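Only one structure is covered here, and it is reproduced in the block below.
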Amino acid sequence: METEQMTLMDAIVRNSRRKKASRAVRTLGEIEKLVDWDELVKVVEVLDKTKSGKGGRPPISFKKKLKMLFLQSTFNLSDEELEDSLIDRLSFQQFVGPGYDEEIPDFTTVWHFKEALVKHGLMDKIFASIDGQIERRGLILKKGTMVDAVILPSGNRPLSGKKRGELEKEPSSRIDTEARSTKKNGKKHFGYKGHIGVDVESKIIRKRAFTPANEHDRSEFENLISGDEKSVWGDKAYPKDAEKRAARELGIYYGVLDKGRRGRKLSNRQQKRNRQRSKVRAAVEHPFAFMKKKLKVSTMAAKNKLRNALRFDMSCIVYNVLRTSFLIKRNARLPNCA
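What follows is the structure in structure tokens.
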């Protein structure tokens, strides 16, 4: 009887929480279903699997470490919060995969893993692997690429010239010396910039870059173009006559907004063309909006560029996976035109 009562109580508790918990469960289910973990493991196998010496905890598999990284980025968790969540939340345990008789990995596990990824420059390969998995599903149509950049404020304060000089002589791991200041629309910002090149039709991020905030948007333009698209789109920060001519020679439509110059205003035709192009280009803001609202990417809290870049990279990856899930479900609802 006691067992039946406990079972019933478990069901009541589970049902009372189902509406709130189901979002996390569904999200993790989508990631689990779409990511080829074995392919990602092959990417990171260059890292040492175990340390020399006997004793201590058994090594955590790369697959589990990768899943911990996805968990952290999807739910905006610090390393310590990730450990606590793995202890408290059954859905997180089931996603990562430790058995009930296994000890939950502590927060240093994911910290050391991220440091190793940064040290060996593996984030580019992880991003490329996910991008390749999505492309094999036929979702990236390559009709065009939209480019854009967003300022990502640093959680640290701007440094004075004197303080920066002192840190150059005696560096501190607790102070970010790589974030920079910039001004946009008359307002000062301190931090970094995230740059993306997005497929026009699918809104999948195909290329990304991460720079200090004082880097001009167009400094990463060429790095955001994949080379197989039929058109390129961008706002007034990106136009360059040489690139426009090169695009035309390659048969690529150049949809970057025209920009007026001192003493030379845009013609009515150019203004009309800009309005038409803006309707296409505006879609590039969707990934940034998703990252800010859903993934809570608002402040870069790490103390150097590489660690902050890893967070931005993982946000792009998680966005792409969840966007892919949305596209698959949307396409399944469309009528079959065959």
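With the working numbering as the guide, the letters of the sequence shown map in order to residues 399 to 736.
Even glycine gets a Cβ: it sits at the ideal position worked out from N, Cα and C.
Just so we're clear, the structure is a prediction, and the values are computed from it rather than from any experiment.
For L469, there is no enclosing beta strand (DSSP E); the residue is found in the alpha helix (DSSP H) stretching over 460 to 472.
When the beta-carbon positions are compared, Q668 and D656 come within less than 8 Å of each other.
Assigned with DSSP and collapsed to three states, P551 falls in strand.
The beta-bridge partner set that DSSP reports for R662 consists of R659.
For S579, the enclosing beta strand (DSSP E) has its first and last residue at 578 to 582. Within 10 angstroms of the beta-carbon of H518 lie fewer than 16 other beta-carbons, which makes it exposed. If you look at Y652, you'll find it in the beta strand (DSSP E) that goes 651 to 654. Around the beta carbon of I594, 16 or more other beta carbons sit within 10 angstroms, so the residue counts as buried.
K605 and G592 have their C-alpha atoms some 11 Å from each other. Looking from the CA of V439, the closest CA among K461, T425, R421 belongs to K461.
Below 8 Å, enough C-beta pairs join the segment 713 to 723 and the segment 470 to 479 to call them touching: three or more. Straight through space, the alpha carbons of G536 and D434 are spaced by roughly 16 Å. For a cut-off of 8 Å, the C-beta gap from S624 to G542 is around 10 Å, too long to register as a contact.
Selection E620, T425, A707, K560 evaluated against K642 yields E620 as nearest (Cα-Cα).
Per the DSSP secondary-structure output, T609 pairs in a beta bridge with K591. Distance from the CA of R578 to the CA of K512, rounded to the nearest whole angstrom, comes to 23 Å. Just so you know, the alpha carbons of L539 and D597 end up roughly 7 Å apart. Proximity to I429 across R728, Y717, P569 peaks at Y717, based on C-alpha coordinates. Look at K690 here: in three-state DSSP terms it is helix. For R679 and S723, the gap between their C-alpha atoms comes out near 23 Å. Proximity to S571 across I726, K701, S420, L432 peaks at K701, based on C-alpha coordinates.
Look at S489 here: in three-state DSSP terms it is helix. The three-state secondary structure of I603, taken from DSSP, is strand.
A straight line joining the alpha-carbon of G563 with that of A526 spans about 38 Å.
Here P551 is near T697, since their CB atoms are less than 8 Å apart. Taking a 10 Å sphere around the C-beta of G589, we find 16 or more other C-beta atoms and assign the residue as buried. In the three-state scheme derived from DSSP, where H, G and I count as helix and E and B as strand, V596 is classed as strand. Closest in alpha carbon position to L480, among G658, G495, T506, is T506. Residue pairing of W435 in beta bridges, as defined by DSSP: absent, with no partner found. The bridge partners DSSP lists for M544 are V596, W631.
Of the other Cβ atoms in all chains shown, 16 or more fall within 10 Å of the Cβ of H587; this residue is therefore buried. By the beta-carbon neighbour count (other beta carbons within 10 angstroms, threshold 16), R662 is exposed. Around the Cβ of E618, a 10 Å sphere holds 16 or more other Cβ atoms; the residue is buried.
Here DSSP, grouped into helix, strand and coil, assigns K638 to coil.
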